[in-house]
Amino acid sequence: MAEDLLRYDILVQDALRGAVKKILAEVGRTGLPGEHHFYIAFDTNAPGVRVSSRLKERYPNEMTIVLQHQFWDLAIGEHAFEVGLSFGGIPEKLLVPYSAIKGFFDPSVQFALEFEPGKTAEPIPDDLLEAVGELTRLETATKLEARADDKPAKPKREAAAKSEAKSESKDEPVKPEDGGAAVVSLDAFRKKT
């Protein structure tokens with residue numbers, strides 16, 4: 016068999032990522048039509064991904080978000096999308112390059128796409144990677160300054176930290192109807208053979 020010098024696998028992956036981009040752009044313009052909603056799984060370690068350190072700690076390799084009832088500020092860029100979601104009642108902004116997406120699923124119509132993260136002919140531009148890195152550095156510096164400004168009155172903070180740790184240690188994901196975004200595994204939707 017001849018070697019695939021055209022790399023059809025990469026061309027098809029990029030075309031399907033383009034379909035996800037168009038779908039999200041339409042939803043950003045008009046909202047979710049009918050019963051449509053999306054589960055989007057992505058590699059949290061992929062270049063250009065921006066999630067809070069709290070979420071990164073909780074989901075060190077892969078994360079699946081649900082775009083259904085409670086999301087905001089869906090912004091579609093050339094190489095990535097950004098969306099606001101609530102996790103455990105805490106609002107978060109996520110930036111996800113299309114090349115980091117591992118799966119896209121719309122359960123209302125049983126439509127699913129699977130991707131190999133990083134397998135793309137279109138690399139993420141350096142300016143996007145630099146911007147994500149700078150935002151992460153600023154976020155870290157802001158948190159360090161906030162901690163330095165705190166007074167030694169620790170009892171309330173320790174109680175809050177224990178409460179947060181307790182709520183984050185639960186194995187069950189936050190359900191959208193509880194006011195948060197659900198994080199689920201795409202394995203739950205794969206056909207069992």
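Under our numbering, the first residue of the sequence shown is numbered 16, with each subsequent residue one higher. Positions of the beta carbon are idealized from the N, C-alpha and C atoms, including for glycine.
Three-state secondary structure assigned by DSSP to residue i
i	result
residue 46	coil
residue 113	helix
residue 58	strand
residue 18	coil
residue 92	coil
residue 170	Confidence is the limiting factor: at residue 170 the pLDDT is only 43, short of 50, which leaves the residue's position unreliable, though a coordinate-based value still follows. Here residue 170 sits in helix by DSSP.
C-alpha distance - residue i paired with residue j, whole-angstrom precision
i	j	result
residue 43	residue 58	22 Å
residue 127	residue 119	6 Å
residue 36	residue 23	20 Å
residue 67	residue 103	13 Å
residue 20	residue 28	16 Å
residue 111	residue 76	14 Å
residue 130	residue 115	9 Å
residue 117	residue 54	11 Å
residue 101	residue 125	25 Å
residue 78	residue 56	6 Å
residue 16	residue 25	19 Å
residue 82	residue 30	22 Å
residue 85	residue 18	47 Å
residue 38	residue 105	27 Å
residue 46	residue 121	15 Å
residue 69	residue 107	10 Å
residue 63	residue 109	11 Å
One or two residues paired with residue i in a DSSP bridge
i	result
residue 107	100
residue 82	53
residue 77	58
residue 128	119
residue 65	110
Close Cβ partners of residue i (< 6 Å) along its chain, the five nearest in sequence each way excluded
i	result
residue 89	43, 98
residue 40	91
Same chain, Cβ closer than 7 Å to residue i, five either side skipped, listed in chain order
i	result
residue 113	32, 35, 36, 94, 95
residue 87	99
Contact set for residue i: own chain, Cβ-Cβ below 8 Å, skip 5 residues either direction
i	result
residue 72	none
residue 123	49, 50, 51, 52
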